[in-house]
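Numbering-wise (this note's numbering), the sequence shown opens with residue 3 and increments by one.
Everything below concerns the one structure shown next.
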Amino acid sequence: MAHVDFVLAVVAVSDIEAGRAWYTTLFGREPDNNPMANLIEWQMTDGGWVQVTEDPMRAGYGMLNLAVSDIEEGVRELREMGLQTGEIIDANKGVRLCPIADPDNNTIQLVGNFRVKY
C-alpha cells in the first residue's frame, strides 16, 4: 500500500443540517470543508479529519473516539455547551472514557490518557 497521508473518520447522520449543527457544537467551530451537499469535514489534527455525511441507512451505527488532553475539562466544556455526556469511567491501563451520543445515536467516546504505546 502507498504511504497514507491522511486518516478520515466518517460518521453517518440522517440529516446533514442537524448533523452540522450538533458537530459544530461538539467541535466548537464550523466545518473546515463542505466538498459536497451531503458531506462536511473538520480537520482535527495535521492528518486526521472527521467527515459527517448524510446517509440515513447507516446513521446511528457509528463510533468515533476522540483522544483529548484533559478529559475532565473536555466533559465540563461539553456540558457547558449543553451537550449531555455520560460519566467518566476508568477503563484499563489508566485510560479514562466518557461517552456522548449525537442525535442519531452514533457513539462518540472522549478518551483520556491515550498513549501510542501501553
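All C-beta atoms in this analysis are idealised placements derived from N, C-alpha and C, irrespective of residue type, glycine included.
| Query | Result |
| --- | --- |
| Secondary structure of D11, DSSP reduced to three states | Per the sequence shown, residue 11 should be read as Ala rather than Asp. Three-state DSSP puts A11 in a strand. |
| Cβ contact (3+ pairs, closer than 8 Å) linking the segment 67-78 and the segment 19-26 | no |
| Cβ-Cβ separation, A103 to G64 (assumed contact under 8 Å), whole Å | That belief does not hold up - the Cβ atoms of G64 and A103 are roughly 10 Å apart, past 8 Å. |
| Three-pair Cβ contact test at 8 Å for the segment 3-22 versus the segment 42-62 | yes |
| Limits of the unbroken alpha helix (DSSP H) element including I18 | I18 to F29 |
| Cβ-based neighbour list, N35, same chain, cut-off 6 Å, excluding 5 preceding and 5 following | E43 |
| C-alpha distance - W51 paired with L99, whole-angstrom precision | 21 Å |
| Three-state class that DSSP yields for R78 in the structure shown | helix |
| Close-in-space but distant-in-sequence residues of the same chain around A20 (CB under 8 Å, 5 per side omitted) | P105 |
| Rounded straight-line distance, which links the Cα of L41 to that of G76 | 26 Å |
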